[in-house]
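Have a look at the structure below, then the notes.
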Amino acid sequence: MADQHLQPLLHDLVGVVLAPTSALTDADGQLRPAGVQGVFHADARVLRQAELRIDGREPEAIGNAPDGPHGARFVSLARWLGDPGPDPTVRIDRIRRAVPRGLTEEIHVVSTAADPVRATVTLRLGCDLAPIEMVKSGIPVSPLDAKSGQPDQLSWTAEGITVTVTGDGAGAHTGIEAGASASPTDPTDVVADPEPAVPTLSWSIDLPPRGRTVLRWRLLVDDPRAVVVTPAREPAWSRPEVRADDPRLARLLDRSLDDLRALRLAEADTPHEVFIGAGVPWFLTLFGRDSLWAARMLLPLGTDLAASTLRVLARRQGSRIDVRSGEAPGKIMHELRRHEFVAVGNGLRLPAAYYGTIDATLLWVSLLHDAWRWGLADEEIVPLLPHLEAALGWLAEHADPDGDGFVEYLDDSGQGLANQGWKDSHDSVRFRDGSLARPPIALAEVQGYAHRAALDGAALLDAFDRPGGQRWREYAAALAERFRARFWVDGPLGAHPALALDRDKRPVDSLTSNLGHLLGTGLLSRTESAQVADLLGGPALAGGFGLRTMSAEDAGFSPLSYHCGSIWAHDTAIAIGGLAAEGFATQAARLADGLLSAAEAFDYRLPELYGGDDRTTLGRPLPYPAACRPQAWSAAAAVVLLQAAVGLYPDVPANRIELRPLATTPFGAITVRRLRVAGNPVDITVDHAGTATLRR
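Residue numbers (the working numbering): 522 to 1217.
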């Protein structure tokens, strides 16, 4: 039997992030040469090992905690040093921070012992310069075979206290600098031992009674081939202040905004145009769908992120037909990498700029419309109108290859993504009996996105005196009728829209979370929306800590599958937003409470996804062990909860703001300061009776 290579697990690792740099280590702070542990920079692992020893022994870890938006603190003990007795008297705090193009760490060694403490502190280092797709594959990587093909020479040199790693295999160069300072004693000595493959920094420390010292080292990355960089400016969105009877929302929002700050990226040639990278570690780059959803969810905090995300993606809008990359005229791209992304073992080979997404183009149109409604200035919209028309042209000419009236996808290259909606795993589109649907696939939520994009595009065309608005209103009306006739099925829990139509135009009759994306698109009638709302709030889909991706009644359900029973925070938030906007408060409140309970269990850093077990099984959600964390749209889900709670729905072009807070919420009374509409701060208070008051 051939060796089976499994994607490494990362649910119990601790991350620090300042995109495009991230570090994932064990909970004790040690960076061990195993699995996905390492320091990554723009799709390459630039450091794979940083293990601390004191007198040759590992300190004993006792805890860790976040330290600002880009850092973490790891606390451990050296119980063999210091005074005898049960109380530890030598403590080590490792304070690690991601910084632009690298990482810094301070090692605080603190003694409360009555006698002097002498010890040698060592830090063993290692590097492999492995590309992210090789790490993700689970194939063991050695320093000399990190890159497919042969890397340039990899060498370690030492000059005084500097250790330098070079290698062009992934286009990255890594430098490590080390130093020390002590208080109240003199600076400690630091030397570099350049033993091949395992260089070691060594500090000799000599602490007086109740003394301390601070040891420092810094990772420096020079990566001229990186396609993404740390933005040149600070976040443009506001940071709301929240007070609510339920404190979980404020805690989730604070941690989420820190994570979103850390996930900001820009392209190397336009460092002032900011977007949100999808997630650590696998997807810390530009992703059309993810970056668009994150920007859309953050609109209550301002429109600047939406505007720059729209411009970044418009610059790369498709202009030709290319089967291998999935590019088509007017199409918005899926993802951007430094080089071809090759997933070992499954035949996936994605070009550096890949367009294999069925929904990003539609979401781009609706983000432009929603940003306009939230107050994006006309002078920022007008330059994007040709891109809007090109996107609508893609919907008209390329989104329905067989002409049946539905938007569908098929990977013609044989090397791209088989499924190209947000549930893009190979087995995500299943019938109720668990069997797989065959492409081409027309997803239910994509028809909703198309309906909404047609209406949104029509509104923008009319408002800016462009032709074509009536055409797209007629398209939306006809699509709604076709959808009603072909997608609705009778299930064990009642009638509902099918997940998709398969290649034979059969409804894929499983009951899934995709239904939640239809709310707010205008595709459903009020009666149909009420039926969908009841299913979204029922135990089969909402019995866990949020919205299950697939009903527990379906044969394909598995609570730890990627897309067939797990719970995704952004998916739950989209359903909550739709339910709240359409007035289904009870169902929205149930899902919101599940999401807040999950946030509490994950220390308010919501992962990409987690297990869909029933709440009664363990009393807390199980992690999905390969989930990204932090992740863009999971963090942005906190803002969706906030908007639903206060019910803020502006229409700046019409000079109107509606307040429709949830009548039933898990939050209780809530006051929010520094939301933003048309660039102006807005404060909202919702009392226990559900009455909202707005102050500008």
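Note that beta-carbon positions come from the ideal geometry of N, C-alpha and C, so glycine has one too.
For residue i, the residue or residues it bridges with in DSSP
i            : result
residue 570  : 647
residue 763  : 1193
residue 1033 : 1071
residue 867  : DSSP, once it has assigned bridges, lists no residue as partnering residue 867.
residue 797  : 785
residue 1204 : 1216
residue 611  : 632
Status (buried if at least 16 other CB within 10 Å, exposed otherwise) for residue i
i            : result
residue 1209 : exposed
residue 852  : buried
residue 902  : buried
residue 601  : exposed
residue 1176 : exposed
residue 576  : exposed
residue 978  : buried
residue 585  : buried
residue 1201 : exposed
residue 944  : buried
residue 1147 : buried
residue 570  : buried
residue 535  : buried
residue 755  : exposed
residue 684  : Residue placement at residue 684 is poorly supported in this model, since its pLDDT is 45, which falls under 50; the coordinates are not used for a value here.
residue 1150 : buried
residue 941  : buried
residue 605  : exposed
residue 526  : exposed
Start and end residues, alpha helix (DSSP H) containing residue i
i            : result
residue 970  : 965-984
residue 1004 : 990-1007
residue 901  : 899-902
residue 962  : Counting along the chain, residue 962 falls outside any alpha helix (DSSP H), and DSSP gives it neither H nor E.
residue 890  : 881-894
residue 1095 : 1090-1102
residue 1223 : Summary: the structure shown does not reach residue 1223, with the chain confined to residues 522 through 1217, and so no result is reported for it.
residue 587  : That residue, residue 587, is in no alpha helix (DSSP H); its beta strand (DSSP E) goes 581-587.
residue 1172 : Premise fails: residue 1172 lies in the beta strand (DSSP E), 1169-1172, not in any alpha helix (DSSP H).
residue 836  : 825-836
residue 1121 : 1106-1122
Beta strand (DSSP E) segment containing residue i, residue limits
i            : result
residue 1186 : That residue, residue 1186, is in no beta strand (DSSP E); it is neither H nor E in DSSP.
residue 1148 : Run containing residue 1148: none; DSSP gives neither H nor E here.
residue 790  : No beta strand (DSSP E) contains residue 790, which DSSP labels as neither H nor E.
residue 1060 : Unbroken run through residue 1060 is the alpha helix (DSSP H), 1060-1063; no beta strand (DSSP E).
residue 634  : Careful: residue 634 lies outside any beta strand (DSSP E) and carries neither H nor E.
residue 597  : 592-598
residue 910  : First-last for residue 910: 906-918, but that is the alpha helix (DSSP H), not the beta strand (DSSP E).
residue 1280 : Nothing about residue 1280 can be read from this structure; the chain reaches only from 522 to 1217.
residue 1016 : 1015-1018
residue 653  : It is not in any beta strand (DSSP E) - residue 653 instead sits in the alpha helix (DSSP H) that spans 653-658.
residue 544  : 542-546
Separation of residue j from residue i, as counted between CA atoms
i            : j            : result
residue 778  : residue 1120 : 14 Å
residue 531  : residue 558  : 8 Å
residue 1138 : residue 566  : 38 Å
residue 776  : residue 592  : 12 Å
residue 727  : residue 587  : 29 Å
residue 1174 : residue 863  : 46 Å
residue 641  : residue 608  : 22 Å
residue 923  : residue 626  : 57 Å
residue 657  : residue 528  : 5 Å
residue 669  : residue 545  : At residue 669 the pLDDT is 36, less than 50, meaning the model places this residue with poor confidence; the figure from the coordinates comes in the next sentence. Taking the straight line from one Cα to the other gives about 23 Å.
residue 538  : residue 784  : 7 Å
residue 1031 : residue 1037 : 14 Å
residue 498  : residue 744  : Nothing about residue 498 can be read from this structure; the chain reaches only from 522 to 1217.
residue 1024 : residue 961  : 5 Å
residue 930  : residue 845  : 14 Å
residue 542  : residue 620  : 8 Å
residue 955  : residue 1180 : 43 Å
residue 881  : residue 735  : 48 Å
residue 1205 : residue 1185 : 17 Å
residue 910  : residue 989  : 9 Å
For residue j and residue i, believed in contact at Cβ under 8 Å, the rounded distance
i            : j            : result
residue 952  : residue 1029 : 5 Å
residue 747  : residue 859  : 6 Å
residue 721  : residue 617  : Rounded, the Cβ-Cβ distance is 19 Å, inconsistent with contact.
residue 632  : residue 732  : 5 Å
residue 804  : residue 855  : In fact, because the Cβ distance is near 11 Å, the residues do not count as touching under 8 Å.
residue 1067 : residue 1088 : 4 Å
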